[in-house]
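Participant:
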Amino acid sequence: MNVQQQIQEHIDSQPEPKRADMLQLHNLMLQILPEGKLWFDSGVDSNNKTVANPTIGYGFFVIKYANGSTRDFFQIGVSANKTGISVYILGLKDKKYLAQTYGEKIGKASVTGYCIKFKALKDINIDVLEEAIRYRLENDK
565 MNVQQQIQEH IDSQPEPKRA DMLQLHNLML QILPEGKLWF DSGVDSNNKT
615 VANPTIGYGF FVIKYANGST RDFFQIGVSA NKTGISVYIL GLKDKKYLAQ
665 TYGEKIGKAS VTGYCIKFKA LKDINIDVLE EAIRYRLEND K
């Protein structure tokens, strides 16, 4: 199964209305990053143990770890969880930027150094979410 099929299967497996929200976010990401690399992380490690929620990834950057090793990864991740949806904005050096810049104006969401978490798209200002995503993609930091 290719990445597009894995993504579609994952979105289709979500209950409504989360399925519609995930599809809307996926389509938004395809508009923002039409030529971007697509990823699907099942959340299962090499020992077949679940370590995270499945995540759809968009874009490409190289994570540099403190020990000097590197790993290819996505810039933006979208993940369904028990209480809603998380949008991961990875690779920003300033861990306060997201919360300080978008926390007050995004709506009903929890904003951390790299994650915007909300129950449903109707609870947030999607234009502000898009602004945060575009900021990351335009500022490769």
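The opening residue of the sequence shown carries number 565 in this note's numbering; numbering runs sequentially from there.
Even glycine gets a Cβ: it sits at the ideal position worked out from N, Cα and C.
Remember, it's a predicted structure, so these values are computed and weren't measured experimentally.
#1: With distances taken from CA atoms, which of Gly655, Asn703, Glu599 and Gly641 is nearest Lys681?
#2: Would DSSP call Lys582 helix, strand or coil?
#3: Among Lys686, Lys657, Leu656 and Lys660, which one has its Cα closest to the Cα of Ile670?
#4: Hey, Ala616 and Gly607 are a contact pair by Cβ (cut 8 Å); roughly how many whole angstroms apart?
#5: Could you tell me if Met593 is buried or exposed, where buried requires 16 or more neighbouring beta carbons within 10 angstroms of its beta carbon?
#6: Mapping the DSSP letters down to three states, classify Thr665 as helix, strand or coil.
#7: Determine which residues share a DSSP beta bridge with Ser610 and list them.
#8: Could you please give me the residues that DSSP links to Gly641 through a beta bridge?
#9: By a C-beta neighbour count over all protein chains shown, 10 Å radius and 16 as the cutoff for buried, is Gly621 buried or exposed?
Facilitator: This is what the structure gives:
#1: Mapped onto the sequence shown, residue 681 falls at position 117. Of all alpha-carbon atoms in Gly655, Asn703, Glu599 and Gly641, the one lying nearest the alpha-carbon of Lys681 is that of Gly641.
#2: Here residue 582 refers to the residue found at position 18 when the sequence shown is read from its first residue. Helix at Lys582.
#3: The count along the sequence shown starts at 1 and reaches residue 670 at position 106. For the options Lys686, Lys657, Leu656 and Lys660, the alpha carbon positioned closest to that of Ile670 is the one of Lys686.
#4: As a working note, residue 616 is residue 52 in the sequence shown. As a working note, residue 607 is residue 43 in the sequence shown. Right, their Cβ atoms sit about 4 Å apart.
#5: Start at 1 with the first residue of the sequence shown, and residue 593 comes out as number 29. It counts as buried.
#6: Sequence index remark: in the sequence shown, residue 665 carries index 101 (1-based). In this structure, Thr665 counts as helix in the three-state DSSP scheme.
#7: Counted from its first residue, the sequence shown places residue 610 at position 46. DSSP lists no beta-bridge partner residue for Ser610.
#8: Along the sequence shown, one-based indexing puts residue 641 at 77. DSSP lists Gly621 and Tyr652 as partners of Gly641.
#9: Taking the first residue of the sequence shown as 1, we reach residue 621 at position 57. A buried status is given to Gly621, since no fewer than 16 other beta-carbon atoms sit within 10 Å of its beta-carbon.
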